Amino acid sequence: MKIFALFGNPTGHSLSPLMHNAAYSKMGIDARYVAFCVDDIESAVGGIRGLNICGVSITIPFKSAVMKCLDAVDDSALKIGAVNTIVNRDGILTGHNTDWLGLSIA
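For reference, each letter of the sequence shown is one residue, going 1202 to 1307 in the numbering used here.
Shown next as structure tokens:
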């Protein structure tokens, strides 16, 4: 089973787990999306490798602070100064920002 997560504080209001898990189920994907209310972003990022989490959505208040915890950050996230997505590829954690895509078509 693949594991995906949301890191933020607070996260209790987020509909992301409900939406992602419903989509996984409907599409027959063996995956789970879990929300973590995080106090220490550095420790949480360390847990990505330990739990073999495939990807993480980052929300307030960690979008900027998480950047220093990653192995790499893509150009768009560097320019914006914020990460909202972490991809774990073979233990290499790369930060991305996809917020600008939504803004560019709004």
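Even glycine gets a Cβ: it sits at the ideal position worked out from N, Cα and C. Source: prediction; values computed, not measured.
Margin query: List, from N- to C-terminal side, the beta strand (DSSP E) runs of 3 residues or more that fit wholly inside the stretch 1214 to 1270.
Written below: 1232 to 1238, 1256 to 1259
Notebook entry, point to check: Cβ atoms of Gly1213 and Pro1262: under 9 Å apart, would you say?
Noted result: Position 61 of the sequence shown, counting from 1, holds the residue named residue 1262. Position 12 of the sequence shown, counting from 1, holds the residue named residue 1213. Not in contact: Pro1262 and Gly1213 (Cβ atoms no closer than 9 Å).
Next item on the list: For my contact list, Ile1287 and Gly1256 are in at a C-beta cut-off of 8 Å; report their separation, rounded to the angstrom.
Entry: Counting from one through the sequence shown, the residue named residue 1287 turns up at place 86. Counting from one through the sequence shown, the residue named residue 1256 turns up at place 55. With a Cβ gap of about 6 Å, Ile1287 and Gly1256 count as contacting.
Check: Can the beta-carbon of Asp1300 be found less than 9 Å from the beta-carbon of Ala1283?
Finding: For this step, residue 1300 is matched to residue 99 along the sequence shown. For this step, residue 1283 is matched to residue 82 along the sequence shown. For Asp1300 and Ala1283, yes; Cβs fall inside 9 Å.
Next item on the list: Consult DSSP for Ala1283 and reduce its assignment to one of helix, strand or coil.
Entry: Taking the first residue of the sequence shown as position 1, residue 1283 is located at position 82. Correct three-state label for Ala1283: coil.
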